[in-house]
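S.K.: In the numbering used here, the protein residues as written are -10 to 122.
Here a beta-carbon is modelled for each residue, glycine too, at the ideal position from N, C-alpha and C.
Sharing a structure, written as C-alpha cells. Questions coming.
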Amino acid sequence: PEVLRRIERMRDDRKARYLSFCKRFAAKKQVYENCELLAPDGTLLSHCDSKKVQWYLDKGLADLETEKPLRIRLRFEPTGRSACRQRERELSGGTGSAAGAGEILGEEAPHRGRGNGLVPTGEAVGEEEEKEE
C-alpha cells in the first residue's frame, strides 16, 4: 500500500522509469517455493523449488516425505556434512575422529587464535613456552 501511494505521487517520467526497472529486474516468479530438502537423518539442509525436488525424485535420489509442504529426504549422505558434524562435536566438547581435537580447540587454545583458524599445535605451544622462560 505504501509503495503504491508513492508511485501514484511520482511524476510521469519517473513513474515510467521505475515501472520499467521493476519489470526488468523484479523476480518473475516466486524465488523459493518453500520445498524442504532433508538429509537422511532428517536434518533440514535447504529450501528449494519444486523443479529441483522433482529432479531428485526422478533420479531416485530421494523419497517423498510430505506433499504439503513439499518435503523430500535424500537417500544418500551429502558430501561435506561429515566435516560439519565433526566440527559440531568438537565445539560441543565431545571428541571427533581425531583424538583430543576437542581439547585443542577448547581450553588449551589461546582465545586470539580461535577466530581466524590459526590454532597452534601442541609442539608449537611447547616451543613458545620454552622461549618465554
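Between I(-4), S39, E66, which has its C-alpha nearest K18's C-alpha?
M.R.: S39
S.K.: Helix, strand or coil for D52, going by three-state DSSP, please let me know.
M.R.: Here DSSP, grouped into helix, strand and coil, assigns D52 to strand.
S.K.: Does E25 come out as helix, strand or coil in the three-state DSSP assignment?
M.R.: In the structure shown, E25 sits in a strand (DSSP, three-state: E or B).
S.K.: By DSSP, does L59 sit in helix, in strand, or in coil?
M.R.: coil
S.K.: Suppose the cutoff is 7 Å on Cβ atoms and the five residues either side in sequence are ignored; what does the same chain contact list for R70 look like?
M.R.: A28
S.K.: How about L33 and E22: are their beta carbons less than 7 Å apart?
M.R.: no
S.K.: For R3 and S35, what's the separation of their Cα atoms in angstroms?
M.R.: 39 Å
S.K.: Enumerate in chain order the residues of its own chain whose CB-to-CB distance from M(-1) is below 7 Å, with the five nearest sequence positions on each side excluded.
M.R.: Once the five neighbours on either side are set aside, the close Cβ partners of M(-1) are Y7.
S.K.: Could you pull out every residue in the same chain whose Cβ sits closer than 6 Å to the Cβ of R60, ignoring the five residues on either side in sequence?
M.R.: E25, E54
S.K.: Do you know how far the Cα of L46 is from the Cα of E56?
M.R.: Each residue's alpha carbon lies about 13 Å from the other.
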